Each structure stands twice: as structure tokens, then as C-alpha cells.
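Under this note's numbering, think of the first position of the sequence shown as 1, with each following residue one higher. C-beta atoms are modelled at their ideal positions from N, C-alpha and C, and glycine is treated no differently. Please read these numbers as outputs of a predicted model, since none were measured by experiment. Before any comments, here is the structure.
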Amino acid sequence: MGFSTRATAAAFLGLTVLCAAAATAPACAEEKPEAFVQFDSKHYDAALPLLRPLAERGNAQAQQDMGAIYVFGLGGTGKDYVEAAKWFRLAAEQGNAKAQSNLGILYYQGMGISKDRSAAAKWFQLAAEQGIDAAQNFLGVMYDRGTDIPRDKAQGAHWLRLAAEQGYSPAEFNLGLHYMDGTGVARDYGEARKWFTKATEQGETSGETGLAILYQHGWGVPPNAAEAIKRYRKAMTEDDTLAKVGYAEMLLDGSGMAEDVPEAVRLFREAAARRFDKAEYWLGRLSLEGRGVPQSDAEAVRWLQLAAELESPPGERLLGDLYNQGRGVPKDPAMAERLYRQAAEGGDDEAKAKLDAMARR
Numbered sequence: 001m002g003f004s005t006r007a008t009a010a011a012f013l014g015l016t017v018l019c020a021a022a023a024t025a026p027a028c029a030e031e032k033p034e035a036f037v038q039f040d041s042k043h044y045d046a047a048l049p050l051l052r053p054l055a056e057r058g059n060a061q062a063q064q065d066m067g068a069i070y071v072f073g074l075g076g077t078g079k080d081y082v083e084a085a086k087w088f089r090l091a092a093e094q095g096n097a098k099a100q101s102n103l104g105i106l107y108y109q110g111m112g113i114s115k116d117r118s119a120a121a122k123w124f125q126l127a128a129e130q131g132i133d134a135a136q137n138f139l140g141v142m143y144d145r146g147t148d149i150p151r152d153k154a155q156g157a158h159w160l161r162l163a164a165e166q167g168y169s170p171a172e173f174n175l176g177l178h179y180m181d182g183t184g185v186a187r188d189y190g191e192a193r194k195w196f197t198k199a200t201e202q203g204e205t206s207g208e209t210g211l212a213i214l215y216q217h218g219w220g221v222p223p224n225a226a227e228a229i230k231r232y233r234k235a236m237t238e239d240d241t242l243a244k245v246g247y248a249e250m251l252l253d254g255s256g257m258a259e260d261v262p263e264a265v266r267l268f269r270e271a272a273a274r275r276f277d278k279a280e281y282w283l284g285r286l287s288l289e290g291r292g293v294p295q296s297d298a299e300a301v302r303w304l305q306l307a308a309e310l311e312s313p314p315g316e317r318l319l320g321d322l323y324n325q326g327r328g329v330p331k332d333p334a335m336a337e338r339l340y341r342q343a344a345e346g347g348d349d350e351a352k353a354k355l356d357a358m359a360r361r
């Protein structure tokens, strides 16, 4: 499991959402400037000509609001990410937390500026330290993935918890994944269910998927295929990729419904097209077995290498098996051991058992 490219989008979930929250008056002002009154009232046509001179004179909140206007194309401006980045940067450099978070998102996605994940992490860190929940979530996901910062699941869980405790629904789901997988925190299916439920209550589609996974496997709840199917289908209506993968798994073994391997393969391919590691693992495994697709060790290796690139523990473990057996790749026990170790560090119990067996030889 994981975030966005690891099992859920999610993950890296909400990366395109930018904050256009209401401005607050500078602490030194007795009354809120009219520009902010108009912006707060969503009268953007009236706010724009009032905000611009304030922003040009260096008012950080006005600069943040100008950035938001250009991100969303408000006040008849049309979307202009280059202009948005300019204003967010000016505000961010003055310490405006929302602008720091928003600039981080632009860097992360390469919107209006060159994609730069290291710069994104820098701005997310600054905003997260000021309590911006979205930045805390993004920073947590970056630590989970090791995206241009050292991978640190405990740090990931720390920042996700701070965001989740503020009620930020993507972080609630992501923290639930931590508890479900036992990464960065002790595995606790009850806590996972709690956070997935909180996310679902706020309308977070991925929360439905998290609960479906628990019901599918009977983790912390009695196994209930019908409940899992219901929740997966609901999440799939919102194009949730993790839900498609879980539903495809149930189609493979006919759990709670008729077995349908071709449909499962179709769903796995859809998810793999989005670089979803678990789907790549399954396509590798099915290629190895010749189930639903032609048997091909070479194709299995290709899919499993893609999954391993995304640090999929089962993908790393199965690829390790191929290196250990010399199937589709030259036999290389040392490479197999390295892959098993990586999978074990990611929480794969089968990989841990294989390492123990190798140690006893």
C-alpha cells in the first residue's frame, strides 16, 4: 500500500488544490483594507484593482491573494500560472505561510515554473512549520516517497498526523494507510479504520477505498466481501485508482462476485498507465503465471522492475525470486538478497522469511 503512485493516488492525494482562503488584515491595521473585504466577499472584479497596488508596494497578503486570483483565473484574468508564481514567491519570501504552500505546489507540479521537487519540499517545510495543513500533508507524502528528500516513514507519519488532527481529509486517509501498513507507526487496524472513517465523513473518496481494503482482507473488521465491493464501486465512480486495483483483486479470485480475469487485467492496465506500483506488480505476476495474459518471463521482469522502481515491496520480492531462479534475468543471488531486503524493509513478511531462509543456508 502507500500513497499516490504506491497505492493510492492519494496520496500523494490533493496535489492540484491551491489555497484561496480569505485574507486576514495585517496585525498593525485597525481595519481590514477594502481590497481584502472585496476579496473575502468573492467580489474579485472589484478586489483586483485594489489588491494590485497593495501587492506592488510589498503587502504579503495582497501578493498571496493576487497569486490565488491568477491560479484560478478570477476577476476575469484567466489562469496564468507564471503570474501566480511571481506573486506567491514575493509573498512566500516575506514568510506568508499560504503563499509558501502554494509556491510549493507550483514547484511540485511544474505549473508556471520548472518542476523542482527539492524546492517544493523547502517551501512545504516552511509552510508546514507554520501550521498549514495542506503543506503538512504534502511534506508527509514526500517523506513517505523519498521524493528529493531522504525517505523517512516516521517523519511522514509525523507531518500527516499534524495535518489530520486539523481535519485535513487527504491527510486523514494517508495517516490511515500508515496504520494499516505499519509504516512509521505500529500497525493498528483500529486506528486505520478511525482515520479512514474520518476522511470518508468529509467526502474523501479515498477513505471509502481504505475501508474497502479493511473489509476485503478482514483487517480489524470481520471480512465482508459485499461491503468491500460496495465501497470500491462507490470510489470507482470518482476514478479512484486504488479502488480499481482492490476491485480487480477481488475479480481475480471471485471474492463476493463472479471471477472475471480479463476485466481484472483491464483495470490493472488502467492503473499501471498511471504508474501505480501495485498494478504493475499484478501485471508482472500474471505474466509470470500466464493468467489472463500470455505467459512471458521477460514481460514479468519488465512489469516487476517498474513496480520495484516505485519501491513496491511485493514487486521487489517477486523480482528477487526471478533473480534467485534466473528466470527472465541472469541468475544473481546477491541481487535477489538485495531486493528481498528492500521488500522486507517495506514490511513484506514473505521477503523477511526468504531472508531468514537465505541466512540459514
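Coil, strand or helix - residue i by DSSP
i: M1; result: Residue placement at M1 cannot be trusted, given a pLDDT of 43 that sits under 50; what the coordinates show is reported in the next sentence. Correct three-state label for M1: coil.
i: V245; result: helix
i: T197; result: helix
i: M111; result: coil
i: E204; result: coil
i: D94; result: Residue identity differs from the one stated: residue 94 is Gln in this sequence, not Asp. Q94: coil per DSSP, three-state reduction.
i: D348; result: coil
i: R327; result: coil
i: K42; result: coil
i: E83; result: helix
i: N59; result: coil
i: N224; result: coil
i: A258; result: coil
i: R361; result: coil
i: K32; result: coil
i: T77; result: coil
i: E316; result: helix
i: T209; result: helix
i: D65; result: helix
i: G218; result: coil
i: D253; result: helix
i: D321; result: helix
i: D356; result: helix
i: E263; result: helix
i: E238; result: coil
i: T24; result: Only weak support exists for where T24 lies, its pLDDT of 39 falling under 50; the value from the coordinates is given anyway. In the structure shown, T24 sits in coil (DSSP, three-state: anything other than H, G, I, E or B).
Cut-off 7 Å between Cβ atoms - residues of its own chain near residue i, not counting five sequence neighbours on either side
i: Y168; result: D133, A134 and N137
i: A35; result: A47, L50, L51, L54 and A62
i: D332; result: Y323
i: D356; result: none
i: S118; result: D148
i: G76; result: D45
i: A344; result: A351, K352 and L355
i: G315; result: D277, E280, Y281, G284, L304, A307 and A308
i: A27; result: Residue confidence for A27 is low, a pLDDT of 44 falling below 50, so the modelled location carries little weight and cannot support an answer.
i: R57; result: none
Proximal residues to residue i (C-beta, below 6 Å), its chain only, five neighbours per side dropped
i: K354; result: Y340
i: A127; result: A97, Q100, S101 and A135
i: L286; result: G292 and V293
i: K79; result: G73
i: Y232; result: A212, A243, G246 and Y247
i: T371; result: What the structure shows of the chain is the stretch from 1 to 361, and residue 371 is not part of that stretch, so it cannot be assessed.
i: D152; result: Y143
i: L319; result: L304, A308 and L339
i: A29; result: Per-residue confidence for A29 stands at a pLDDT of 44, beneath the threshold of 50, marking its modelled position as unreliable; the derived number appears in the next sentence. Excluding sequence neighbours, A29 sits near nothing in its chain.
Cβ pair residue i, residue j closer than 7 Å
i: L267; j: K244; result: yes
i: H178; j: A157; result: yes
i: L103; j: W87; result: no
i: V71; j: A84; result: yes
i: Q216; j: A226; result: no
i: E172; j: W195; result: yes
i: L160; j: G190; result: no
i: G284; j: A300; result: yes
i: W326; j: D297; result: For the record, residue 326 in the displayed sequence is Gly; it is not Trp. Cβ atoms of G326 and D297: not closer than 7 Å.
i: D348; j: R317; result: yes
i: A279; j: A272; result: yes
i: R193; j: G220; result: yes
i: V82; j: G112; result: yes
i: A364; j: Q94; result: Outside the shown range of the chain, which is 1 to 361, sits residue 364, and nothing can be said about it.
i: Y281; j: S312; result: yes
i: A163; j: G184; result: no
i: A91; j: Q64; result: yes
Cut-off 8 Å between Cβ atoms - residues of its own chain near residue i, not counting five sequence neighbours on either side
i: E259; result: L251, L252 and D253
i: A359; result: none
i: T197; result: G207 and L211
Subject >> Within the segment 114-190, ranges of the alpha helix (DSSP H) (whole runs, at least 4 residues) >> reply: 117-129, 133-145, 153-164 and 169-181
Subject >> Length-filtered (4 minimum) alpha helix (DSSP H) runs lying within the segment 270-314 >> reply: 277-289 and 297-309
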